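S.K.: Have a look at this one.
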Amino acid sequence: MSLPPPSVPLLLSTRSPYALPPTRYLIPTSFTRFQLSQLINTSLSLSPPVPFDFLVRGSLLRGSLQSWMTAHGQGGEETLEVEYVQSVLPPRREASIPQEDWVSAVSLSLPDHILSGAYDNTVRIYTEGQELLHTLSSHSGPITAVTAFPTPAQYAIGEGNIILSSSQDRTVHMHHLPSPSLLPTSASAADAGPRLLTTLHTSPAQVSSVAPSPSGQHIVTATWDGLLGLFTSTLPTSHELPADDEPDISRKKRRKLAPTSSAEETEVFRKAPTLLLRGHTSKVSRAIWDPDGLSIFSAGWDYTVRQWDAQTGQQGGVKTTPDRVHLTIGRMAGPAPLLATGTSDRMVCMFDLRSSSSSTVQLTLPHASPVQSLVPHPTASHLLTTATLQGVLQIWDLRAPRESLVRVMREGGKCLCVDWRVRGAGLPSQAGEGGEEGVWVAGGEDRQVQVWRTVTGGGARVERVGKQVVDKVNEEDAET
Numbered sequence: 001m002s003l004p005p006p007s008v009p010l011l012l013s014t015r016s017p018y019a020l021p022p023t024r025y026l027i028p029t030s031f032t033r034f035q036l037s038q039l040i041n042t043s044l045s046l047s048p049p050v051p052f053d054f055l056v057r058g059s060l061l062r063g064s065l066q067s068w069m070t071a072h073g074q075g076g077e078e079t080l081e082v083e084y085v086q087s088v089l090p091p092r093r094e095a096s097i098p099q100e101d102w103v104s105a106v107s108l109s110l111p112d113h114i115l116s117g118a119y120d121n122t123v124r125i126y127t128e129g130q131e132l133l134h135t136l137s138s139h140s141g142p143i144t145a146v147t148a149f150p151t152p153a154q155y156a157i158g159e160g161n162i163i164l165s166s167s168q169d170r171t172v173h174m175h176h177l178p179s180p181s182l183l184p185t186s187a188s189a190a191d192a193g194p195r196l197l198t199t200l201h202t203s204p205a206q207v208s209s210v211a212p213s214p215s216g217q218h219i220v221t222a223t224w225d226g227l228l229g230l231f232t233s234t235l236p237t238s239h240e241l242p243a244d245d246e247p248d249i250s251r252k253k254r255r256k257l258a259p260t261s262s263a264e265e266t267e268v269f270r271k272a273p274t275l276l277l278r279g280h281t282s283k284v285s286r287a288i289w290d291p292d293g294l295s296i297f298s299a300g301w302d303y304t305v306r307q308w309d310a311q312t313g314q315q316g317g318v319k320t321t322p323d324r325v326h327l328t329i330g331r332m333a334g335p336a337p338l339l340a341t342g343t344s345d346r347m348v349c350m351f352d353l354r355s356s357s358s359s360t361v362q363l364t365l366p367h368a369s370p371v372q373s374l375v376p377h378p379t380a381s382h383l384l385t386t387a388t389l390q391g392v393l394q395i396w397d398l399r400a401p402r403e404s405l406v407r408v409m410r411e412g413g414k415c416l417c418v419d420w421r422v423r424g425a426g427l428p429s430q431a432g433e434g435g436e437e438g439v440w441v442a443g444g445e446d447r448q449v450q451v452w453r454t455v456t457g458g459g460a461r462v463e464r465v466g467k468q469v470v471d472k473v474n475e476e477d478a479e480t
């Protein structure tokens, strides 16, 4: 007579909409993630099936329950608390868009479109279907960042979007892209091309990044000489600084930037910052806005992460990490002020700005090479994606920080930039019930902009990071 397979009592919990009754389940220790996921789908009669991952004491269940219990010295009589979350499915590669040179910047900030910037000094605008709409060739140096935001009403130049691009030529260029120009192969697109409105000048140094405030009323730049420039987004009516401070932009290039239907060349005025934020002692890698628009965060080569008052320019908190160069920075989604930085010593460092310590790193995510770019998930506060100089893209869940959920190796050298957008801005959903579909783009040394589709689950928001990550669903989420 054969003995029954060994089992262990499990207390299964979730913060997703797919909750089981709060009771203990006697589960065979041979069960893996796949069988546990089947159990939940069968118990809840889910159709179509929803894949789940399982967190056991801060780590993802990769093998069987028995293998986890053996590795952690867990007995079969002790109840094991297991949290299940919707799986992050492997990204589905959709396209690869050839470029003329290394791709140094990508952005999905223009809905339904892809922006790219490259070492050939050029910004390109594509439809999500990879059709090239426009090429912006006003810069005289490699592009370092590109982004877009809706045209402010006070511009009185019609509907559309503002394209911001920063460059090693020491400038930021602001283009207006009228709405008709976003219509591929339309008659109006040829008559309403992008137009250079103004150039922004922070300092004599190269510009690392540019970012508009959430309201679009202000712009922050970061430079290689340790400065942050704070600009209004209003258009200047005259030059605000001498021409000697502006890198040369040829008349030929200016003519290219005028709408094709106009033979008249419009003078482009130089714009100066309203405030210079001083504090960093070396290159500032990137500066970003808090979602409330009241604070700015920056990360630099001087081993510091800094917070600034966006209204006064005064420096707030400073986090110091000795001998750790910060190459990029992102603000996690959700109400908790959690920052993530990518570093030269192959880490992602998580900072909780509510911590009073000036040097505490609450959490680290180990990588195999320097983390050049990272993007927090736009809505899920526990997810972020990273890009490394080894050419690896990864998706991480802060609730299971020991290893990444997804790892994609890009062929062709270093990965220099990545961006992520979720369904909502015109994206059709193919994720199924409960899933959230998005677009993932990345570029680098291989001279390609690669495009993927991603599917992630919803769920809890990370409220704090520390020795253990504590998740909590927002009260408004719990009410729905």
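Each step along the sequence shown adds one to the number in UniProt numbering, with nothing skipped, and position 309 is 309.
Idealized CB from N, CA, C, for every residue including glycine.
Only a predicted model underlies this, so the values are computations on that prediction, with no experimental measurement involved.
(1) According to DSSP, simplified to helix, strand and coil, what is residue 269?
(2) Which whole runs of the beta strand (DSSP E) in the segment 156-180 are 3 residues long or more, in chain order?
(3) Between the alpha carbons of residue 165 and residue 364, how many angstroms are there, rounded?
(4) Whole angstroms is fine: what's the gap from residue 92's alpha carbon to residue 406's?
(5) Rounded to a whole number of angstroms, what is the C-alpha to C-alpha distance between residue 74 and residue 51?
(6) If you follow the beta strand (DSSP E) that residue 33 is in, where does it begin and where does it stop?
(7) Just the C-alpha distance for residue 423 and residue 20, rounded to the nearest angstrom, thanks.
(8) Looking at the secondary structure, which residues open and close the beta strand (DSSP E) in which residue 139 lies?
(9) What are the start and end residues of the beta strand (DSSP E) that includes residue 80?
(10) Whole angstroms is fine: what's the gap from residue 256's alpha carbon to residue 48's?
(11) Can you pull the DSSP bridge partners for residue 209?
(12) Is it buried or exposed for residue 292, if we count other Cβ within 10 angstroms and need 16 for buried?
(13) Note down, in chain order, each residue of its chain lying with its Cβ closer than 8 Å to the Cβ of residue 100, except the 5 sequence neighbours on either side.
(14) List the endpoints of the continuous alpha helix (DSSP H) containing residue 67.
(15) What does DSSP give as the partner residue(s) for residue 240 in the beta ladder?
(16) Would residue 350 be called buried (16 or more neighbouring beta carbons within 10 Å of its own) or exposed?
(17) As a quick exercise: from 103, 79 and 60, pick the residue whose alpha carbon is nearest that of residue 86.
(18) Could you give the residue range of the beta strand (DSSP E) that holds residue 127?
(19) Quick one: grab the DSSP three-state call for residue 448.
(20) Per DSSP, which one or two residues make a beta bridge with residue 409?
(21) Rounded to the nearest angstrom, how far is the Cβ of residue 415 from that of residue 385, given a contact under 8 Å?
(22) For residue 368, count neighbouring C-beta atoms within 10 Å of its own C-beta (all shown protein chains included) and say buried if the count is 16 or more, exposed if not.
(23) Excluding five sequence neighbours on each side, which residues of the same chain lie with their C-beta closer than 6 Å to the C-beta of residue 148?
(24) Check for me: the beta strand (DSSP E) holding residue 509 runs from which residue to which?
(25) Rounding to the nearest angstrom, what Cα-Cα distance links residue 310 and residue 88 in this structure?
(26) Leaving aside the five residues before and after residue 372 along the sequence, list all residues of the same chain whose C-beta is less than 8 Å from its C-beta, in chain order.
(27) Can you have a look at residue 204 and say buried or exposed, based on whether 16 or more other CB atoms are within 10 angstroms of its CB?
(28) Label residue 58 either buried or exposed according to how many other C-beta atoms from any shown protein chain fall within 10 Å of its C-beta, with 16 as the threshold for buried.
(29) Report yes if the C-beta distance between residue 14 and residue 63 is below 9 Å; otherwise report no.
(30) Under a Cβ-count criterion, where at least 16 other Cβ atoms within 10 Å of its own Cβ denotes burial, should residue 26 be classed as buried or exposed?
(31) Beta strand (DSSP E) containing residue 326: first to last residue?
(32) CB residue 69 to CB residue 80, shorter than 9 Å?
(33) Which residues bound the beta strand (DSSP E) around residue 418?
(34) Roughly how many angstroms separate the alpha carbons of residue 316 and residue 295, rounded to a whole number?
(35) Could you round the C-beta distance between residue 438 and residue 421 to whole angstroms and report it? I think they count as a contact, below 8 Å.
(36) With residue 203 as the anchor, note down where its beta strand (DSSP E) starts and where it stops.
M.R.: Result, derived from the coordinates:
(1) strand
(2) 160-167 and 172-178
(3) 31 Å
(4) Near 12 Å, if we compare the C-alpha coordinates of residue 406 and residue 92.
(5) When the Cα atoms are used, residue 74 and residue 51 turn out to be separated by approximately 26 Å.
(6) Element bounds for residue 33: not the beta strand (DSSP E) but the alpha helix (DSSP H), 33-44.
(7) 28 Å
(8) Looking at the DSSP string, residue 139 is not in any beta strand (DSSP E), and its letter there is neither H nor E.
(9) 80-86
(10) At residue 256, the pLDDT of 44 sits below 50, so the modelled position is not reliable and the matter cannot be decided from this model.
(11) 222
(12) exposed
(13) 118, 120, 122 and 447
(14) 65-72
(15) Beta-bridge pairing links residue 240 to no other residue.
(16) buried
(17) Checked all of 103, 79 and 60; the closest Cα to residue 86 is 60.
(18) 123-127
(19) Looking at residue 448 - three-state DSSP - the assignment turns out to be strand.
(20) According to the DSSP secondary-structure assignment, residue 409 is paired through a beta bridge with 392.
(21) Cβ-Cβ separation between residue 415 and residue 385: approximately 11 Å, too far for a contact (criterion under 8 Å).
(22) exposed
(23) Only 109, 110, 161 and 163 meet the Cβ criterion.
(24) The shown model of the chain, from 1 to 480, leaves out residue 509, and the question about it has no answer.
(25) The straight-line gap from Cα to Cα measures roughly 36 Å.
(26) In its chain, beyond the 5 residues on either side, 327, 328, 342, 387, 388, 389, 414, 415, 416 and 417 have a beta carbon closer than 8 Å to the beta carbon of residue 372.
(27) By the neighbour-count criterion, in which a residue is buried when 16 or more other Cβ atoms sit within 10 angstroms of its Cβ, residue 204 is exposed.
(28) exposed
(29) For residue 14 and residue 63, no; Cβs fall outside 9 Å.
(30) exposed
(31) Residue 326: member of the beta strand (DSSP E) spanning 326-331, first to last residue.
(32) yes
(33) 415-422
(34) 9 Å
(35) 6 Å
(36) Per DSSP, residue 203 belongs to no beta strand (DSSP E) and is neither H nor E.
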